[in-house]
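Q: Quick note, the sequences are listed as chains A and B, same order. Under this note's numbering, the very last position in the first sequence is 137; numbers go up by exactly one each time. Under this note's numbering, the very last position in the second sequence is 1170; numbers go up by exactly one each time. The beta carbon of each residue, even a glycine, is placed where N, CA and C say it ideally should be. Provided herewith is a single structure, encoded as structure tokens, for subsequent inquiry.
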Amino acid sequence: MDCHETQERLLESFEGALSPLEKGQLERHLSECAECARFAVLQSQLDLRLRERIAAPQLSSGFRAGLRARIARQPREPWPDWLPDVAHLIGSAVAIGSCALLLPVPVPVVLGTGILVAFLTYSLQTLLVSALEQKTD
Amino acid sequence: MTDEDVQSLLRKHRCAAAFELLLDRYQQKVFRLVYSILKEAARAEEVTQDVFLKLWQVLPDYDGRASLSTWLYTITRNTSLSALRAGSYRKTLPIEDHEPPAAHWEAGAQQVEINQLLERLPEMQQQVITLFYLQERSVEDVAHMLDLPEGTVKSHLHRARRALADMVRR
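Listed below in structure tokens is the structure:
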């Protein structure tokens, strides 16, 4: 194991345990190489200092209360996302059914026209909803 | 409580309950990630609230494509970086504070202020090494929180440690 490799293994040792073989090779090299031994001492001191100084900060006791207050101030959604689609589907079905029953026109013609109109109005509604959402964002 | 429990609640449209579970599970981790970017506890707490407020707004739209934690950490990083860019609060140290502190730990002659040394590292190395110690020295956690491969996290850590050692020796 050369010096570079030894120093890399040493740095890895701060991230998790080395295998017994790696540990043995590392210790052997450190006992023979003064420069790497100094590097090891310095890195151990650094690790200790970093552990002491980088302490996990704690959230204050008012964190959740503050968050809840901010959530409570949020404007409520005027309707669920799915509501316009479902309303359109029901409205189209009722309109097509009524036309088929009441108009003196063959049912296949009413159905075909109804489905076409429903598709067009649904596309228009989707465009409007999307434009409204972009404006809100 | 696992992410699967949260996803199960979301499938039942119980967003408020899912939100509470996420808050219990992730508030501290999110706070640490924000803190590793902003480096100021009071401001980090405020931005952590911003993150969970955004989560509250978008949780009903969660589509399950990314894992919940990956999704939440992405929101956290983006929100923190926006706050950092907006950052009039960002600490601007006087020039003399950036001078390399004279230090010889081995001799024990002078005490080095580790925070000063950390501030002289590149931003990513600072963030990785700070988060590594905040997350109880878990490379896996840091990699997940920063969306980086573990090898990249280790590489940042090693470069940071070597750079810190050079500063101390100088």
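Would you give the residue range spanned by the alpha helix (DSSP H) that Glu32(A) belongs to?
A: On the first sequence, residue 32(A) is found 32 positions in, with the first residue counted as 1. Boundaries of the alpha helix (DSSP H) around Glu32(A): Pro20 to Glu32.
Q: Pick helix, strand or coil for Lys1154(B), following the three-state DSSP scheme.
A: Sequence index remark: in the second sequence, residue 1154(B) carries index 154 (1-based). It is helical.
Q: Against chain A, with Cβ distances strictly below 7 Å, would Tyr1062(B) count as a contact?
A: As a first step, residue 1062(B) must be located in the second sequence, where it is residue number 62. Taking Cβ atoms only, chain A never reaches closer than 7 Å to Tyr1062(B), which makes this a no.
Q: Shorter than 7 Å from the beta carbon of Pro57(A) to some beta carbon of chain B?
A: What you label residue 57(A) is simply residue 57 of the first sequence in a count that begins at 1. At least one chain B Cβ lies under 7 Å of Pro57(A).
Q: Taking all protein chains shown into account, decide if Ala1018(B) is buried (16 or more other Cβ within 10 angstroms of its Cβ) or exposed.
A: Mapped onto the second sequence, residue 1018(B) falls at position 18. When all chains shown are included, Ala1018(B) counts as buried.
Q: Measure how close the beta-carbons of Gly66(A) and Gln1049(B) come, nearest whole angstrom, since I'm counting them as under 8 Å.
A: Counted from its first residue, the first sequence places residue 66(A) at position 66. Counted from its first residue, the second sequence places residue 1049(B) at position 49. Indeed they touch by this definition, with Cβ atoms about 6 Å apart.
Q: Buried or exposed: Ala1083(B), going by 16 or more other Cβ atoms within 10 Å of its Cβ?
A: As a working mapping, residue 1083(B) is identified with position 83 in the second sequence. So Ala1083(B) ends up on the buried side.
Q: Of all Cβ atoms in chain A, is any one closer than 7 Å to the Cβ of Tyr1035(B)?
A: Here residue 1035(B) refers to the residue found at position 35 when the second sequence is read from its first residue. Taking Cβ atoms only, chain A reaches closer than 7 Å to Tyr1035(B), which makes this a yes.
Q: If the cut is a Cβ gap below 7 Å, which residues of chain B does Leu83(A) touch?
A: Counting from 1 along the first sequence, the entry for residue 83(A) is found at position 83. Near Leu83(A) there are no residues of chain B at all, since even the closest Cβ is about 13 Å away, more than 7 Å.
Q: Determine, for Arg49(A), whether the minimum Cβ-Cβ distance to residues of chain B falls below 7 Å.
A: In the first sequence, residue 49(A) corresponds to position 49, counting from 1. Chain B, which has a Cβ nearer than 7 Å to the Cβ of Arg49(A), makes this yes.
Q: Taking contact to mean at least 3 C-beta pairs separated by less than 8 Å, is the region 1021 to 1039 of chain B in contact with the region 1127 to 1142 of chain B?
A: yes
Q: Flag this pair as yes or no: are the beta carbons of Ala100(A) and Val110(A) separated by less than 7 Å?
A: One-based indexing of the first sequence puts residue 100(A) at position 100. One-based indexing of the first sequence puts residue 110(A) at position 110. Yes.
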